[in-house]
Amino acid sequence: MRLEQIGLELSLDNIDQQQPPIASITNSRSSSGNSSSGRGTSSTFNSTTSSMSTRLNSEFESNMFFVSPTEPPLTTTKPPEDVFEELDVLGTGSSGNVLKMRHRESGKICAVKQMRRTLNDEENKRIYMDLQVVLKCECDNIVRCCGYFIKESEVWICMELMTTCFDKLLGSRQKRPLPERFCGAIAASAVKALHYLKEEHNVIHRDVKPSNILINEKGQIKLCDFGISGRLIDSIAKTRAAGCIPYMSPERIEMESSYDVRADVWSLGITLFELATGRSPYAECSTDFDILARVVKDDPPSLPKDMDFSPEFRSFISDCLTKDSRNRPKYKQLLEHAFIKSHLNTVVYLNELD
Ligand code: ATP
Ligand code: MG
2 MRLEQIGLEL
12 SLDNIDQQQP
22 PIASITNSRS
32 SSGNSSSGRG
42 TSSTFNSTTS
52 SMSTRLNSEF
62 ESNMFFVSPT
72 EPPLTTTKPP
82 EDVFEELDVL
92 GTGSSGNVLK
102 MRHRESGKIC
112 AVKQMRRTLN
122 DEENKRIYMD
132 LQVVLKCECD
142 NIVRCCGYFI
152 KESEVWICME
162 LMTTCFDKLL
172 GSRQKRPLPE
182 RFCGAIAASA
192 VKALHYLKEE
202 HNVIHRDVKP
212 SNILINEKGQ
222 IKLCDFGISG
232 RLIDSIAKTR
242 AAGCIPYMSP
252 ERIEMESSYD
262 VRADVWSLGI
272 TLFELATGRS
282 PYAECSTDFD
292 ILARVVKDDP
302 PSLPKDMDFS
312 PEFRSFISDC
322 LTKDSRNRPK
332 YKQLLEHAFI
342 KSHLNTVVYL
352 NELD
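2 is the number of the first residue of the sequence shown in the numbering used here; add one for each residue after it.
Have a look at this one:
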């Protein structure tokens with residue numbers, strides 16, 4: 002193990018080589034059967050081999066906003082500050098703020114992720130990855146992207162507004178565990194979303210954690226943030242360092258030569274453990290190094306015996322947290338797991354929680 006090499010180097014150099022030309026973003030909507038609606042047809046990107054910063058400057062000029070999935074997008078050259086009215090701050094992450102905003106022209110309310118943009122190629126790649134995947138996704142368990150605006154120093158990504166994420170929810174409950182039914186609904190939604198990403202877009206998420214799983218008032222649970230997602234080549238990712246430490250799988254930490262979707266399965270296991278118990282299995286670790294060492298050296302976490310969980314849930318967590326990734330299930334197998342099968346139609350509402 003080479004722990005000293007890990008230190009979150011968000012280098013995405015390899016990803017760039019794995020990407021199709023940026024032009025594929027433009028027609029993604031129309032190619033998925035919505036061409037007659039005009040979706041995604043207002044803007045033209047050219048593929049190019051120039052640097053990412055040049056690409057973002059020259060090719061994302063046509064900002065667009067979808068008022069409805071069936072209407073052609075609205076385009077404008079106005080600065081986004083004039084297009085949107087800020088209503089609230091929803092949260093702040095490593096790439097910037099997420100704000101609740103009103104699209105002035107249509108009145109539509111959405112969540113806008115404002116990502117800082119330097120002319121740094123790595124950061125631009127991260128933005129590019131976000132746009133590439135989110136614009137193409139049409140899945141009930143993935144947060145819908147409804148537009149983007151490129152500014153000199155920022156990119157704004159407009160998303161459907163959700164009520165909260167599970168990280169905030171746990172915090173607002175003073176870390177009281179979520180009922181198993183909630184964990185079941187979250188697990189089924191996440192497995193469906195991750196399976197969709199892999200099957201339809203050949204992508205692994207690489208940042209599965211409670212803050213990237215959101216819920217709305219209708220009880221819909223959706224995954225977001227593919228900013229550090231990797232497109233798979235032959236089902237194998239060759240980049241390793243992105244992700245949030247406590248959710249990172251042993252094989253990613255150990256810098257094995259490659260990893261696949263099962264790294265996200267591990268992250269999902271840690272996420273569900275945290276939501277079901279109210280605390281991370283690595284909560285008492287004081288440094289990132291301690292966490293990394295424990296993930297690699299210790300037996301995998303298992304749900305505490307003194308808490309009341311069904312055998313199916315215990316078995317699901319144990320499967321997700323199989324230390325040897327070669328023995329860890331992929332999504333097809335997880336979709337057949339009794340825990341997931343029993344929760345495929347479970348709908349949970351925030352107002353059920355005490
Ligand atoms: P990190 O940047 O380290 O991955 P993060 O996921 O918390 O952390 P962001 O992705 O920037 O950071 O999100 C910040 C917060 O904004 C989230 O915690 C979430 O609560 C909120 N949020 C994000 N997207 C939406 C959305 N579509 N609707 C409602 N709230 C959202
Ligand atoms: Mg996030």
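We put the beta carbon where it would ideally sit given N, CA and C, even for glycine. Only a predicted model underlies this, so the values are computations on that prediction, with no experimental measurement involved.
- Sixteen is the threshold: since fewer than 16 other Cβ atoms of the shown chains lie within 10 Å of the Cβ of E337, the residue is exposed.
- Around the beta-carbon of E353, fewer than 16 other beta-carbon atoms lie within 10 Å, marking it exposed.
- The residue among V192, A186, P247, N213 with its C-alpha nearest the C-alpha of K219 is A186.
- Taken in chain order, the unbroken stretches of alpha helix (DSSP H) that lie wholly in the segment 279-324 and span 4 residues or more are 289-298, 312-321.
- At a Cβ-Cβ threshold of 9 Å, F227 and H206 count as neighbours.
- If you draw a straight line from the Cα of S107 to the Cα of V156, it comes to about 21 Å.
- One alpha carbon belongs to K298, the other to I246, and they sit about 15 Å apart.
- In the DSSP assignment, H196 falls within the unbroken alpha helix (DSSP H) covering 181-202.
- Distances taken from the Cβ of S173 to the heavy atoms of ligand 1 include none shorter than 8 Å.
- With contacts defined by Cβ atoms closer than 9 Å, C159 and I216 do not form a contacting pair.
- Apart from the 5 residues on each side of it in sequence, A188 sits with its Cβ closer than 8 Å to the Cβ of L269, L273, F317, F340, I341, H344 in its chain, given in chain order.
- Taking 9 Å as the cut-off, the beta carbon of L100 is found closer than this to the beta carbon of Q115.
- Between the C-alpha atoms of V84 and Q133 there is a straight-line separation of about 23 Å.
- By the CB criterion at 9 Å, P211 and L170 fall inside the cutoff.
- Straight-line measurement puts the Cα of S303 at about 18 Å from the Cα of E252.
- The criterion of a C-beta distance shorter than 9 Å is not satisfied by Y149 and N203.
- By the 16-neighbour rule on beta-carbons within 10 angstroms, A194 is buried.
- By the beta-carbon neighbour count (other beta carbons within 10 angstroms, threshold 16), S190 is buried.
- E313 is the residue among E313, Y350, K223 whose C-alpha sits nearest the C-alpha of L335.
- In this structure, S268 has its CB at a distance of at least 8 Å from all heavy atoms of ligand 1.
- The closest heavy atom of ligand 2 lies less than 8 Å from the beta carbon of G94.
- Taking a 10 Å sphere around the C-beta of M130, we find 16 or more other C-beta atoms and assign the residue as buried.
- C-alpha of T164 to C-alpha of C111: approximately 11 Å in a straight line.
- Excluding the 5 residues flanking it on each side, V192 has same chain C-beta neighbours closer than 7 Å at Y332, L335, L336, I341, in chain order.
- Contact between R174 and R263 does not hold, since their C-beta atoms are separated by about 30 Å, which reaches or exceeds 8 Å.
- Residue pairing for M102: DSSP places it in a beta bridge opposite E87, C111.
- Residue environment: S154 is assigned as exposed (fewer than 16 neighbouring CB atoms within 10 Å of its CB, all protein chains considered).
- Taking 8 Å as the cut-off, one finds no heavy atom of ligand 2 near enough to the beta carbon of D122.
- Here DSSP, grouped into helix, strand and coil, assigns L170 to helix.
- Sorting I143, K152, R118, A277 by C-alpha distance to the C-alpha of R177 places A277 at the top.
- Distance from the C-beta of C166 to the nearest heavy atom of ligand 1 is below 8 Å.
- Residue pairing from DSSP places W157 in a beta bridge opposite Q115, F150.
- Minimum Cα-Cα distance from P70 among the listed residues C146, H104, T93, L198 corresponds to C146.
- Within the DSSP bridge table, the entry for I216 names T165, I222 as partners.
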